[in-house]
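Under this note's numbering, the first residue of the sequence shown is numbered 99, with each subsequent residue one higher.
Glycine included, every Cβ here is placed at the ideal spot set by N, Cα and C.
Down below is the structure, laid out as structure tokens.
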Amino acid sequence: MTILAVESELNRKDPAQSLTTKWAFDPDEEVIFSGSTLLAAIINRAASFCVLYTDPDYFKLMSDAWWDKWESSFLAWFKTMQMEYNPIENYDRHEQWHDDIVDDNTVKQTGTVNTDANNTDTTTVSAYDSSSFSNKDKVTSVIDSTDERDLTDKIDNDRDLDHEGRIHGNIGVVTSQKMVEDELKLRYNNLYNMVADVFIKELLIAVY
């Protein structure tokens with residue numbers, strides 16, 4: 099029995115049943131993948147091969163177990179091929195650093211103000227029949243004061259600074275032409291065919 103025959107038998111029993119039912123990644127992974135495309139790749143590469151287990155339901159059970167075993171690896175493959183990068187760059191360094199700047203400045207001023215002053219007030223009077231004056235009252239005031247002042251100003255200047263940097267490009271050990279050639283070779287590898295080969299190796303019997 100071939101894999102195409104198994105798929106047909108599963109569909110005949112239940113139109114919603116298929117070998118591809120479980121062949122899917124978690125939607126949260128945001129990976130483009132099609133179970134039907136994988137089945138087509140398997141059929142295209144091994145349409146005449148016999149299935150390892152001839153009972154369709156049991157083969158479906160084993161194919162589900164096969165997917166469970168390989169799913170994390172297949173997911174890593176597809177994620178790798180969907181990575182965004184510049185194929186003609188072989189150096190890409192990202193840096194992040196943080197500066198915590200603390201400035202504590204204290205300004206202190208100390209001063210003394212001395213005040214010394216003498217002031218004399220004199221009151222004079224004259225007789226009604228005289229043009230001359232004579233002292234009547236004399237008041238002398240003496241002011242002697244000292245004023246000491248201390249002034250302290252404290253200035254706190256705390257700053258948190260975040261920085262990011264990136265250095266990228268071709269460091270020169272490989273030419274851009276060679277890097278383009280390697281990129282083309284990499285993209286020639288079809289992930290569906292790679293997964294299909296794993297399936298064929300483990301669940302099909304080669305018939306030539």
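How far does the alpha helix (DSSP H) with residue i in it reach, from first residue to last?
i: F297; result: 289-301
i: K120; result: No alpha helix (DSSP H) contains K120, which DSSP labels as neither H nor E.
i: Y286; result: 274-286
i: I101; result: 101-111
Let me confirm a value: residue i is counted as buried when at least 16 other C-beta atoms fall within 10 Å, else exposed. Which label applies?
i: W195; result: exposed
i: A139; result: buried
i: I199; result: exposed
i: P154; result: buried
i: V293; result: buried
i: L159; result: exposed
i: E187; result: exposed
i: L137; result: buried
i: V272; result: exposed
i: E279; result: exposed
i: E182; result: exposed
Could you give the distance in angstroms between the alpha-carbon of residue i and the alpha-carbon of residue j?
i: D256; j: N184; result: 40 Å
i: T178; j: W168; result: 16 Å
i: V296; j: W164; result: 10 Å
i: D162; j: Y156; result: 10 Å
i: I141; j: W175; result: 21 Å
i: T152; j: Y286; result: 34 Å
i: V305; j: I130; result: 32 Å
i: E127; j: I269; result: 33 Å
i: F123; j: L173; result: 7 Å
i: P113; j: E107; result: 10 Å
i: E262; j: D190; result: 13 Å
i: G267; j: C148; result: 50 Å
i: A103; j: P125; result: 30 Å
i: W121; j: S170; result: 12 Å
i: M277; j: N288; result: 19 Å
i: Q115; j: I303; result: 23 Å
i: S132; j: T119; result: 11 Å
i: Q275; j: Q180; result: 22 Å
Using beta-carbon positions only, say whether residue i and residue j come within less than 7 Å of one another.
i: I298; j: A145; result: no
i: Y290; j: T100; result: no
i: H192; j: R264; result: yes
i: D166; j: L259; result: no
i: L301; j: L150; result: yes
| task | Give, in chain order, every unbroken run of the alpha helix (DSSP H) that is at least 4 residues long and sits entirely within the stretch 134-180. | result | 154-179
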